[in-house]
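Chemist: One structure, as structure tokens, below. Some questions next.
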Amino acid sequence: MSATDTRPAPRLSLGPITYYWPKDKVEDFYAMVADAPVDIVYLGETVCSKRNQVRFEDWLAIGERLEAAGKEVALSTLALLEAESELIRLRSICDNGRWLVEANDMGAVNLLQGRPFAVGHSVNVYNDRTLALLARQGCKRWVLPVELTHETLADMQRSRPEGVETEVLGYGRLPLAYSARCFTARARNLPKDDCRYACIDDPDGLLVSTQDDNRFLALNGIQTQSARTMNLLPELGRMRALGVDILRISPQANGTDKVIDLFHRALDGELDPIEASTSLEHLMPAGPCDGYWHGGAGMDVQGRTGKAA
Amino acid sequence: MELVCPAGNLPSLKAAVDNGANAVYTGFRDDTNARHFAGLNFTPEKLTEGIRYARRKGVRVFIALNTYPQPGGYSRWQEAVDRAADLGVDALIAADIGVLEYAAQHHPELNLHLSVQGSATNYEALRFYSDHFGVRRAVLPRVLSMSQIRHVIEHSPVEVEVFAFGSLCVMVEGRCILSSYATGRSPNTYGACSPASHVEWQETSDGLDTRLGGVLIQRHPKGENVGYPTLCKGTFRVGDNIYHAIEDPISLNAMELLPELASAGVKALKIEGRQRSPVYVAQVTRVWRQALDAFERSPDDFRPRPDWTAELGKVSEGAQTTLGAYHRPWQ
Numbered sequence: 014m015s016a017t018d019t020r021p022a023p024r025l026s027l028g029p030i031t032y033y034w035p036k037d038k039v040e041d042f043y044a045m046v047a048d049a050p051v052d053i054v055y056l057g058e059t060v061c062s063k064r065n066q067v068r069f070e071d072w073l074a075i076g077e078r079l080e081a082a083g084k085e086v087a088l089s090t091l092a093l094l095e096a097e098s099e100l101i102r103l104r105s106i107c108d109n110g111r112w113l114v115e116a117n118d119m120g121a122v123n124l125l126q127g128r129p130f131a132v133g134h135s136v137n138v139y140n141d142r143t144l145a146l147l148a149r150q151g152c153k154r155w156v157l158p159v160e161l162t163h164e165t166l167a168d169m170q171r172s173r174p175e176g177v178e179t180e181v182l183g184y185g186r187l188p189l190a191y192s193a194r195c196f197t198a199r200a201r202n203l204p205k206d207d208c209r210y211a212c213i214d215d216p217d218g219l220l221v222s223t224q225d226d227n228r229f230l231a232l233n234g235i236q237t238q239s240a241r242t243m244n245l246l247p248e249l250g251r252m253r254a255l256g257v258d259i260l261r262i263s264p265q266a267n268g269t270d271k272v273i274d275l276f277h278r279a280l281d282g283e284l285d286p287i288e289a290s291t292s293l294e295h296l297m298p299a300g301p302c303d304g305y306w307h308g309g310a311g312m313d314v315q316g317r318t319g320k321a322a
Numbered sequence: 088m089e090l091v092c093p094a095g096n097l098p099s100l101k102a103a104v105d106n107g108a109n110a111v112y113t114g115f116r117d118d119t120n121a122r123h124f125a126g127l128n129f130t131p132e133k134l135t136e137g138i139r140y141a142r143r144k145g146v147r148v149f150i151a152l153n154t155y156p157q158p159g160g161y162s163r164w165q166e167a168v169d170r171a172a173d174l175g176v177d178a179l180i181a182a183d184i185g186v187l188e189y190a191a192q193h194h195p196e197l198n199l200h201l202s203v204q205g206s207a208t209n210y211e212a213l214r215f216y217s218d219h220f221g222v223r224r225a226v227l228p229r230v231l232s233m234s235q236i237r238h239v240i241e242h243s244p245v246e247v248e249v250f251a252f253g254s255l256c257v258m259v260e261g262r263c264i265l266s267s268y269a270t271g272r273s274p275n276t277y278g279a280c281s282p283a284s285h286v287e288w289q290e291t292s293d294g295l296d297t298r299l300g301g302v303l304i305q306r307h308p309k310g311e312n313v314g315y316p317t318l319c320k321g322t323f324r325v326g327d328n329i330y331h332a333i334e335d336p337i338s339l340n341a342m343e344l345l346p347e348l349a350s351a352g353v354k355a356l357k358i359e360g361r362q363r364s365p366v367y368v369a370q371v372t373r374v375w376r377q378a379l380d381a382f383e384r385s386p387d388d389f390r391p392r393p394d395w396t397a398e399l400g401k402v403s404e405g406a407q408t409t410l411g412a413y414h415r416p417w418q
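These protein sequences, in sequence, are chains A and B. For the numbering used here, count along the first sequence from 1 and bump the result up by 13. For the numbering used here, count along the second sequence from 1 and bump the result up by 87.
And the structure:
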């Protein structure tokens with residue numbers, strides 16, 4: 014590890030809440046975050062524009078409180094933009110004039126070009142040529158698409174444009190797909206136009222198992238996630254060596270404070286990443302995975318024993 | 088409206104041309120396109136022959152280079168763009184920003200289309216591809232309703248092509264990695280969804296199980312029709328219910344929407360199925376040609392003929408069809 018220790022540890026970020034939580038839960042969650050050891054917090058609705066518990070003004074107010082608590086705030090945007098009403102909302106986010114905006118669709122990139130912006134993992138940055146073009150438009154930060162490997166990341170890092178930060182999703186259920194169809198509504202036999210906000214009942218998504226009881230996916234409205242939680246903390250050494258700037262945690266319904274704490278202590282060198290990962294596994298709704306990073310199927314578990322680190 | 092038909096090989100290309108396609112779309116024999124299947128697609132020589140055949144009958148030939156190269160394999164995509172330009176294809180269908188930029192810079196004469204794999208569902212995204220690469224047409228993901236398509240076209244700087252028939256992606260194309268979650272291979276990285284190399288068929292005392300990457304996708308009782316285990320069409324358990332949690336094995340058929348698609352300003356209709364047989368291509372192309380001709384003759388009283396619907400039903404996945412996202416209640 015000696016060669017890797019010379020590089021600074023990545024900063025820690027907290028991704029947007031991907032689920033639909035009641036406003037009180039969201040407020041409580043960010044009250045916790047204000048005192049938690051994360052550096053960057055992404056705010057906003059990224060999955061479904063019908064979700065209306067927390068409105069744009071509420072997000073701004075939460076952002077102000079977090080900023081006052083010393084956090085760097087960024088606003089995240091919808092991954093699937095279809096209706097004009099969604100574009101209107103997107104434009105106000107892009108024009109907020111205060112915080113960095115994370116584009117999760119090329120429509121947002123189009124609105125943000127010429128200003129500093131970030132691109133999230135649903136924008137397909139699969140090669141250096143793509144990243145270079147986005148950097149020329151103002152991209153200051155990109156998130157590695159979740160299906161790419163550490164080898165591809167190493168290639169990307171070698172030709173990374175000046176002034177662009179690299180962020181990697183380090184912990185969370187994987188975002189696997191987006192659809193026009195709401196699978197939560199489908200599960201409840203409701204039409205999407207009368208969904209009754211059914212996803213508010215599933216603060217960690219709705220579990221999909223195979224017929225032989227393998228916990229496989231989680232339905233989150235129009236988004237499909239992995240049931241397993243990806244954890245790349247055992248790869249911390251490699252990430253430092255690769256010059257990863259930011260490590261992202263994706264919020265879950267319970268225990269996000271503990272996840273942040275474990276990551277923070279591992280980044281500080283206070284906890285061994287493998288040991289911390291054993292504790293993390295107890296917090297996961299359906300166990301771990303890390304296959305994508307290692308070049309396998311996303312659901313695979315490879316680095317758990319630390320042999321790959 | 089232009090009828091754009093699939094050609095996985097030369098016999099399919101000829102079948103499409105002979106049965107009334109206005110354009111055919113093809114791919115090279117590797118992972119540079121999203122139908123990277125064994126034995127499918129074109130060598131440069133076969134494509135030259137195909138282009139010659141199509142040109143004689145006034146049919147255009149497109150090539151899809153619509154997967155996402157990673158730095159390690161990038162040169163393969165670059166060479167494929169050069170090859171497509173040399174062959175003189177009528178359009179290059181691409182998704183990756185790097186590929187589009189390379190094509191626009193090095194082959195300014197190439198007519199660029201944004202692939203459905205580019206995930207552009209709104210006109211702001213289309214403006215980006217038009218402004219930066221001079222893209223002239225975009226294929227929209229199969230997630231928009233009829234009124235949303237109309238709205239996109241009203242504000243779009245580029246022509247719009249939509250899917251009219253064939254297997255139905257229920258997810259936004261280019262942003263679905265369900266396949267690689269189970270197998271390590273996705274349309275973006277490998278050019279195939281639910282790849283055959285990862286499929287297992289397993290006889291049990293009750294019937295047949297199909298697995299993908301070891302994940303049980305479908306459990307067929309004895310005597311039931313066995314379908315291909317595409318991940319999103321599997322039968323899973325949610326709570327106490329076992330059902331098609333994501334989508335039924337069903338195909339898209341937008342024929343009854345022809346008048347609406349035309350009045351919305353859709354410029355081209357795409358038939359899915361480069362992996363299907365020349366017989367499929369011939370049948371589907373013939374029926375759609377008849378429908379489009381009938382519509383153009385008398386647009387005001389167009390209705391799909393029952394024999395067309397029956398013929399398309401026979402070649403549809405699960406022998407069922409849907410209007411998909413075009414029809415709002417499906418969503």
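For glycine and all other residues, C-beta sits at the position ideal for the given N, C-alpha and C. Everything numeric in this text was worked out from a predicted model, so none of it was measured.
Relative to the C-alpha of V259 of chain B, which candidate in A:G185, A:C195, A:G176 has its C-alpha closest?
Modeler: On the second sequence, residue 259 of chain B is found 172 positions in, with the first residue counted as 1. Selected option, being the one with the closest Cα: A:C195.
Chemist: With a Cβ-Cβ cutoff of 8 Å, do G127 of chain A and S89 of chain A count as a contact?
Modeler: Residue numbering aside, residue 127 of chain A sits at position 114 when the first sequence is read from its first letter. Residue numbering aside, residue 89 of chain A sits at position 76 when the first sequence is read from its first letter. No. Outside cutoff.
Chemist: Residues of chain B with CB under 7 Å from T143 of chain A, in chain order?
Modeler: Sequence index remark: in the first sequence, residue 143 of chain A carries index 130 (1-based). Ordered by position in chain B, the residues that pass the 7 Å Cβ test against T143 of chain A are D183, I184, G185.
Chemist: Just how far apart, CA to CA, sit A381 of chain B and L399 of chain B?
Modeler: Taking the first residue of the second sequence as 1, we reach residue 381 of chain B at position 294. Taking the first residue of the second sequence as 1, we reach residue 399 of chain B at position 312. Each residue's alpha carbon lies about 17 Å from the other.
Chemist: With DSSP as the reference, identify every bridge partner of R184 of chain A, one or two as the case may be.
Modeler: For the purposes of this step, residue 184 of chain A is taken as the residue at position 171 of the first sequence. Residue 184 of chain A is actually Tyr in this sequence, not Arg. BP columns for Y184 of chain A point to A:N244, A:I262.
Chemist: Any C-beta of chain B sitting closer than 8 Å to the C-beta of R194 of chain A?
Modeler: Within the first sequence, the letter at position 181 stands for residue 194 of chain A. Yes - at least one Cβ of chain B is within 8 Å of the one on R194 of chain A.
Chemist: Ordered along the chain, which non-local residues of its own chain (more than five positions away) have a Cβ less than 8 Å from that of I138 of chain B?
Modeler: On the second sequence, position 51 is the one that residue 138 of chain B refers to. The answer, listed in chain order, is V148, L174, G175, V176.
Chemist: Buried or exposed for P336 of chain B, going by 16 or more other Cβ atoms inside 10 Å?
Modeler: In the second sequence, residue 336 of chain B corresponds to position 249, counting from 1. Per the 10 Å Cβ criterion, buried.
Chemist: Which residues, taken in chain order from the segment 253-281 of chain B, show a beta carbon closer than 7 Å to some beta carbon of chain A?
Modeler: Cβ contacts with chain A: V257, M258, V259, G261, R262, C263, I264, L265, S267, Y268, A269, T270, G271, S273, N275, T276.
Chemist: Alpha carbon to alpha carbon, how far is M233 of chain B from H414 of chain B? Give it in angstroms, no decimals.
Modeler: The sequence position of residue 414 of chain B within the second sequence is 327, counting from 1. The sequence position of residue 233 of chain B within the second sequence is 146, counting from 1. Roughly 7 Å between the two C-alpha positions.
Chemist: Taking C-alpha atoms, which residue in B:A102, B:R143, B:E166 lies nearest to R116 of chain B?
Modeler: Looking up residue 116 of chain B in the second sequence gives position 29. Checking every option, the nearest Cα to that of R116 of chain B belongs to B:E166.
Chemist: What's the C-alpha gap between N312 of chain B and A397 of chain B?
Modeler: Counting from 1 along the second sequence, the entry for residue 312 of chain B is found at position 225. Counting from 1 along the second sequence, the entry for residue 397 of chain B is found at position 310. Taking the straight line from one Cα to the other gives about 19 Å.
Chemist: Pick from A:Y55, A:R241, A:G256, A:T237: whose alpha carbon is nearest that of V114 of chain A?
Modeler: The residue given as residue 114 of chain A occupies position 101 in the first sequence. The option with the nearest alpha carbon to V114 of chain A is A:Y55.
Chemist: Please list, in chain order, all residues of the same chain as T143 of chain A whose beta carbon is under 8 Å from its beta carbon, the five residues on each side excluded.
Modeler: Taking the first sequence and counting its residues from 1, the one referred to as residue 143 of chain A is at position 130. So the qualifying residues of the chain are N137.
Chemist: Could one say the Cβ of G145 of chain B lies closer than 8 Å to chain A's Cβ atoms, at least one of them?
Modeler: By one-based count along the second sequence, residue 145 of chain B stands at place 58. Not an interface residue.
Chemist: Would you mind telling me which residues of chain A sit closer than 7 Å to N209 of chain B, beta carbon to beta carbon, in chain order?
Modeler: Taking the first residue of the second sequence as position 1, residue 209 of chain B is located at position 122. Within chain A, the residues near N209 of chain B are L94, E95, L100, G120.
Chemist: Are the beta-carbon atoms belonging to W164 of chain B and T135 of chain B less than 8 Å from one another?
Modeler: Position 77 of the second sequence holds residue 164 of chain B. Position 48 of the second sequence holds residue 135 of chain B. No, these two residues do not count as a Cβ contact at 8 Å.
Chemist: Label E180 of chain A either buried or exposed according to how many other C-beta atoms from any shown protein chain fall within 10 Å of its C-beta, with 16 as the threshold for buried.
Modeler: Here residue 180 of chain A is taken as the residue at index 167 of the first sequence, counted from 1. E180 of chain A should be labelled buried.
Chemist: Considering only residues of the same chain and omitting the five flanking positions on each side of P386 of chain B, which have a CB-CB separation below 8 Å?
Modeler: In the second sequence, the residue the question calls residue 386 of chain B occupies position 299. Cβ within range, chain order: P346, A349.
Chemist: Use the C-beta contact count for E383 of chain B: other C-beta atoms within 10 angstroms, 16 or more gives buried, fewer gives exposed.
Modeler: Here the question's residue 383 of chain B lines up with position 296 in the second sequence. The residue in question, E383 of chain B, is exposed, as its Cβ has fewer than 16 Cβ neighbours within 10 Å.
Chemist: Do you know whose CA, among B:P416, B:T372, B:M342, lies nearest P393 of chain B's CA?
Modeler: Here residue 393 of chain B refers to the residue found at position 306 of the second sequence. Taking only the C-alpha atoms, the option nearest P393 of chain B is B:M342.
Chemist: Starting from S26 of chain A and walking both ways along the beta strand (DSSP E), at which residues does that stretch end?
Modeler: By one-based count along the first sequence, residue 26 of chain A stands at place 13. Segment 24-27, the beta strand (DSSP E) holding S26 of chain A.
Chemist: What did DSSP end up calling P93 of chain B once you bin it into helix, strand or coil?
Modeler: Here the question's residue 93 of chain B lines up with position 6 in the second sequence. DSSP places P93 of chain B in strand when its eight states are reduced to three.
Chemist: Does the count of Cβ pairs from the segment 274-283 of chain A and the segment 245-262 of chain A closer than 8 Å reach three?
Modeler: Touching, per the Cβ criterion.
Chemist: Look at the alpha carbon of A16 of chain A and the alpha carbon of L255 of chain A, and state the distance between them as a whole number of angstroms.
Modeler: Start at 1 with the first residue of the first sequence, and residue 16 of chain A comes out as number 3. Start at 1 with the first residue of the first sequence, and residue 255 of chain A comes out as number 242. Caution applies to A16 of chain A, whose pLDDT of 46 falls short of 50 and renders its modelled position unreliable; the value that the coordinates give is listed next. Looking at the two C-alpha atoms, the distance is approximately 11 Å.
Chemist: So, are the CB atoms of P23 of chain A and L232 of chain A less than 8 Å apart?
Modeler: For this step, residue 23 of chain A is matched to residue 10 along the first sequence. For this step, residue 232 of chain A is matched to residue 219 along the first sequence. No. Outside cutoff.
Chemist: Taking 7 Å as the limit between beta carbons, can you name the residues of its chain near M45 of chain A, skipping five residues before and five after?
Modeler: In the first sequence, counting from the first residue as 1, residue 45 of chain A sits at position 32. The answer, listed in chain order, is D270.
Chemist: Which runs of the alpha helix (DSSP H) fall wholly inside the segment 82-124 of chain A and span at least 4 residues, in chain order?
Modeler: If we require 4 residues or more, the alpha helix (DSSP H) runs fully inside the segment 82-124 of chain A come out as 97-107.
Chemist: Roughly how many angstroms lie between the CA atoms of E196 of chain B and G145 of chain B, to the nearest whole one?
Modeler: Stepping through the second sequence from its first residue, residue 196 of chain B is reached at position 109. Stepping through the second sequence from its first residue, residue 145 of chain B is reached at position 58. Cα to Cα, E196 of chain B sits roughly 20 Å from G145 of chain B.
Chemist: With distances taken Cα to Cα, identify the nearest neighbour of L93 of chain A among A:S192, A:D214, A:Q265, A:A200.
Modeler: Your numbering for residue 93 of chain A matches position 80 in the first sequence. It is A:S192 whose Cα lies nearest to the Cα of L93 of chain A.
Chemist: Within 8 Å of any Cβ in chain A, is that where the Cβ of P416 of chain B sits?
Modeler: One-based indexing of the second sequence puts residue 416 of chain B at position 329. Taking Cβ atoms only, chain A reaches closer than 8 Å to P416 of chain B, which makes this a yes.
Chemist: According to a CB-to-CB cut-off of less than 8 Å, which residues of the segment 196-209 of chain A neighbour chain B?
Modeler: Answer set for the segment 196-209 of chain A: F196, R199, A200, P204, K205, D206.
Chemist: Please classify A94 of chain B: is it buried, with 16 or more other beta-carbons within 10 angstroms of its beta-carbon, or exposed?
Modeler: Sequence index remark: in the second sequence, residue 94 of chain B carries index 7 (1-based). So A94 of chain B counts as buried.
Chemist: Counting only C-beta atoms, is Q315 of chain A closer than 8 Å to chain B at any point?
Modeler: Here residue 315 of chain A refers to the residue found at position 302 of the first sequence. It does not: the Cβ of Q315 of chain A has no partner Cβ on chain B nearer than 8 Å.
Chemist: Looking only at its chain, what residues have a beta carbon closer than 7 Å to the beta carbon of G151 of chain A, apart from the 5 residues adjacent to it on each side?
Modeler: Against the first sequence, residue 151 of chain A aligns to sequence position 138. Taken in chain order, the residues that qualify are L125, Q126, G127, R128, P129, F130.
Chemist: Mapping DSSP to helix, strand and coil, what is T409 of chain B?
Modeler: Numbered from 1 along the second sequence, position 322 holds the residue referred to as residue 409 of chain B. Three-state DSSP puts T409 of chain B in a strand.
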